[in-house]
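Residue numbers (the numbering used here), protein chains in the order written: chain X, 7 to 1007; chain P, 3 to 478. From the three backbone atoms N, C-alpha and C, an ideal C-beta is built for every residue, glycine too. As structure tokens, the structure follows; a few thoughts come after it.
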């Protein structure tokens, strides 16, 4: 409501009736016959006396703009109003070029009842065929609301689905739909969130969405070839299936038409950019408002980037408890979000500003000013609303500046729109003026002498000041101290002033109400006293109000030193830890987990991120970082081959079989668990798809390179693995096949067979090259990779029977399962696993949390080892992954020897998931991932002191202590800033407090 | 020598296992010896097959005096006795020291080089009243409704629960089975983890009253299915924090009025709920209030003082922010999750690990409980051990799972330390029971040398047999 008031307060919102008509310009190209009498108002205007900002950084004082038939015919300080033009005296006002919103939601793509019809696409979320031009319909409420903010032109972006259809450039005038389109179907809109209104089960996850995008780009490319093959055959064969969506995407996959990705987080930007690169698209991006976290990445990129200004409200810090729950991540975002546009500008990244993403459009102008008060120059702000989007939308020759020959799109304001609490008065679109607000009829501010002849009447001085829409002041009865007013309002239409103040100082119990009618410097009114009497008064203005006509927006937050860190949260790093050329850890107990075994008083030598040697009495070259390991234990970095931490989603359950989805597509670096894992000595994890599917998605190996971006966590050359799931979880969806363990087995088998058939079809086509070319099917490709052991199975399951069934099924198809995971009953088939060469990844002692885990035993790992099975532990849990050394320690109680126990989280873990050529032991040539412990790592009494990844120290107790101090400082300072700014309902950082001095919120 | 299946498994981790090694390893494991040891300890003439099949045998009450000789005895309350002796008779400790008289006819067991600790006590558990987490019908924890002071955990304790054996194997010999849910959840029962029936196991049926303090930060809560109208009935409007606290106060006031009326002979008919409140109102048993946040803990203390209760705080996630008051008001805290991740991003990774040490340093009396429910009561030692890694003196960690737990919960006259007159409930170990680098070799509960078998060892033995059979099949 705050923003709405800021322009309502100055006057009255007018009905959107065009006050003059400029239709002539269009009539020549208009096909509709005129019903009734023609409207031929002159369409000839002169806007005089205004301050004209013709383009960013270019200002004409006291200038005139001449508009004729919708176009600007003259502009300049020396231009006089031509005879015959309707003159608009804009003295004291400012004129800007009409704004352009390059990502406007005009809500014209509502899903029809019963869904879309026709041969569109099998997936209802793929609406690439949708045309905003073909479906143009008028939502006048939204159109007028946008126009009232200064927008004359928008890119109307469809918002339903993942592939959402084609966006068009429209003007926001009141003319009919046929005259509103400037550039039809300019680009394709794509978003990462599906629309529930469209229905369909798949995709229901972030990685499913990315997989669908990839498949669709590939299908669109195939569709071109398939149609061509059909035509080339002389139509001697049957045509391929019809898909309007794929047909529509042809221009996009050929790079001839942009794809505009709506990104709602920094991760989504990275994902979209990667997709665009991989599929050679011409990308545009709607940003998330988090770009300030990615400035290093964005620097030098010139793709159109359209950012929202949806700055968050402050976290609740109104009590110590509430404050305790506010994370530094949230607090920083509150403080920094309004600096997002400035950060982009400072980095030289081109960007436009959109109203999209705001919960209410009335926040637009206040937030725009906020961005300016937090460092964005007014010129850059104006450019982001005019010249920049005009160029991207290809309308720069007609739009974006105030110049002769350009379309008369203008914003008239009563002050500097970017730095003052000013109002939009009129918006001109193609030569037609649309009134937005009227100036107030009175300005009662100043010093008044008021006097009353009646009993109990007030004699004294009334002072009214402050911005016109938030008048404040005081009343000073003669011989008494001034009393601040509790409320002051102006009813602009009638010139009435209403004020309230407490009566205590006048010896009255209660509030005193005053109403007066202001005319010039005279006021007549009456007073309502708490005792019921109502003396009248007269007053005269003795002093005019001095000061700015309206409040200037100044930055209302203190300067807080918040170093840029990644991730932008607790424990984030300003840069990656350096990699010393040589590191030597001396005189420690080194658990090599290799042929050297565990060595006392040993040294570990590391060079350029790789292990060189473990031995005794090793020499360090000069300049080496030498660490005294006396009394310490050194082990390889711990490995957890089963976590679900640090991803945007875990399960794609839209289909029972989804190996095409990839967890590597949805990693996030904003993941506090990674830091905690480092603190517990974990350096590598396999982040896995969930267990909702017999065949789930592709997993991803992650090294805990805390402070990097998601793609930098990935381990180059790591094996590819895919999640399978057996037992209770994949059969739990009552409406989806399968519902039994038997069905799980059969649906896997059927897909294996399908992949073989798919392979056959491809081979046949490659031999004959006749007919419609087969399409690349990512799902089938993935299953083929499984059958060919390029994609290794790591299967979730509990019971012996289901595991054995999968093992045998794989053998039937001539390959082997890589690992069984969880494997609560793996011990029951230990010998079978050994004989089939399958590794087991199990818990130390978790069980009995569900029926299929009831036969758990903490001797599971030991039994597996007794049978000779490669055995690893895992957590399946972000928290437990932070203490895998203790999980391994639990095995001691089942009689496993110490080095063997540690192997389940180091070398045997690496071997189980086939990454042992790189990590898992301290052997020459392996990655220098190691942990320094203050004692036996398997002891409950031991903790990690340093954790190194790739020969870089990512965690140490010393650095941790420093980071904690820094977190405490930053949190305290931001919390103080919030409290100073207004307590519980504190708005965006730097914005005026909400509801202060107002009678209602 | 007491046998356990903990024979070490040693091999070079870098080698892949060969079938030859498998055979060797299989041969060295100890299935047979364990079975024999069990037969000896049970002291009956069961057929060998029956012994192999059993999971955990219950043994008869102590008949002969037993003397354990030569161990380092950690009394907890009276220091450490090197090369000490401890005499157990009719379930009680009758003598303890370096040179005590051996009763006539006593069985003397040489435990030289071993350590003796009191049995560990889990002050907050659901052992026996839950079996399988996601199988609702196997759980008897949460009664319907918000006020259930009369429900008593002991009557629902399944003496045959698999978790009892597993818990004992970790050295936890006494557990407070505790109902959950609602505002007043009911009565914890102190259960000794040996006995044919819950009746034999129960040390104190109505041991402590449990209250869940409302959450001021949560959105106003509705009654669950247990609310007025019952399951599927009309939903009451959501309640604010203040309303929930007021309701709790009203319930206590009404219970007190009932008690006074009953004492004056003025009650018309019996009220099970209010009647069950009387020991708590009179301060005869502790009132354990689950409270995590600082405001919760503070408000619970204010309330507990007003009501003049024997207050114990359970949970205590943010207790460090209330440490001064907890110390000043002498209110003990049972920490429920020391082996846990921090709750907030800005807290240290060791926020939970280190909380016990910080509270101890601040002078707050603490016990540590077994963490997330009855399924994992056997993790109690690790919960205490992690506190040692992060600064709690080891002897304090031991107290937190023995005498402190016993004191707070009002059974320190029976257990919690090795003292003459207390129950002979103890562990014979190779080192501290709080660290996995040591083993618990034998336990005694009320003087009974208990069967150390459990379901997990049962599966171990059974499937070692399978591995052996299949190794033979390959060989022949």
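- Close to residue 384 of chain P, with beta-carbon spacing below 9 Å, are these residues of chain X in chain order: 892, 895, 896, 946.
- Listed along chain X are 946, 947, each with a C-beta nearer than 9 Å to that of residue 436 of chain P.
- The Cβ-Cβ distance between residue 658 of chain X and residue 209 of chain X falls below 8 Å.
- Annotated as distal: residue 571 of chain X and residue 341 of chain X, with beta-carbon spacing of 8 Å or more.
- Only those residues of the stretch 859-886 of chain X whose C-beta falls short of 7 Å from the nearest C-beta of chain P are listed: 860, 861, 863, 864, 865, 868, 869, 871, 872, 873, 874, 885.
- Using a CB distance below 7 Å, the part of the stretch 567-597 of chain X facing chain P consists of 575, 576, ordered along the chain.
- The beta-carbon of residue 160 of chain P is placed no less than 8 Å from the nearest beta-carbon of chain X.
- According to DSSP, residue pairing for residue 110 of chain X in a beta bridge involves X:162.
- Identification of residues in the stretch 276-294 of chain P having a C-beta nearer than 8 Å to some C-beta of chain X yields an empty set.
- If you draw a straight line from the Cα of residue 201 of chain P to the Cα of residue 181 of chain P, it is about 17 Å long.
- At least one CB of chain X lies nearer than 8 Å to the CB of residue 458 of chain P.
- Under the Cβ criterion of 8 Å, residue 94 of chain P is not counted among the residues facing chain X.
- Each of X:302, X:305, X:313, X:306 was checked against the Cα of residue 291 of chain X, and the nearest Cα belongs to X:313.
- Between the C-alpha atoms of residue 695 of chain X and residue 741 of chain X there is a straight-line separation of about 21 Å.
- Using a Cβ-Cβ distance cut-off of 8 Å, the stretch 88-101 of chain X and the stretch 416-432 of chain X are in contact, since at least three pairs of beta carbons, one from each stretch, lie closer than that value.
- With respect to residue 412 of chain P, residue 218 of chain P sits apart: the two C-beta atoms are not nearer than 8 Å.
- An exposed status is given to residue 530 of chain X, since fewer than 16 other beta-carbon atoms sit within 10 Å of its beta-carbon.
- DSSP places residue 794 of chain X in the coil class of the three-state scheme, outside both helix and strand.
- Taking the beta carbon of residue 678 of chain X as reference, the chain P residues within 7 Å of it are 347, listed in sequence order.
- Ranked by how close their Cα comes to the Cα of residue 955 of chain X, the residues X:617, X:441, X:749, X:370 have X:617 in first place.
- Restricted to the stretch 847-873 of chain X, the alpha helix (DSSP H) segments that are unbroken, complete and at least 4 residues in length are 866-872, listed in chain order.
- Residue contact check for residue 942 of chain X against chain P: a CB pair falls below 8 Å.
- Among the residues of the stretch 128-158 of chain P, those with a Cβ less than 8 Å away from any Cβ of chain X are 133, 134, 135, 136, 137, in the order of the chain.
- For residue 375 of chain X, the secondary structure class from DSSP, reduced to helix, strand or coil, is helix.
- In this structure, residue 175 of chain X places its C-beta atom within 8 Å of the C-beta atom of residue 399 of chain X.
- Linking residue 499 of chain X to residue 447 of chain X through their CA atoms gives a straight-line distance of about 6 Å.
- In this structure, residue 244 of chain P sits away from residue 947 of chain X, with a CB-CB distance that is not shorter than 8 Å.
- Of the candidates X:145, X:402, X:263, X:263 places its Cα closest to the Cα of residue 172 of chain X.
- For residue 692 of chain X, the beta-bridge partners assigned by DSSP are X:707.
- Within the stretch 237-258 of chain P, no residue has its Cβ closer than 8 Å to any Cβ of chain X.
- Secondary structure of residue 630 of chain X (DSSP, three-state): coil.
- With fewer than 16 neighbouring CB atoms inside 10 Å of its own CB, residue 248 of chain P falls in the exposed class.
- The residue among X:680, X:708, X:597 with its C-alpha nearest the C-alpha of residue 691 of chain X is X:708.
- Going by beta carbons, residue 204 of chain P and residue 156 of chain P fall inside the 8 Å limit.
- Listed along chain P, the residues sitting closer than 7 Å to residue 834 of chain X by beta-carbon distance are 465.
- The continuous beta strand (DSSP E) containing residue 94 of chain P extends over residues 94-99.
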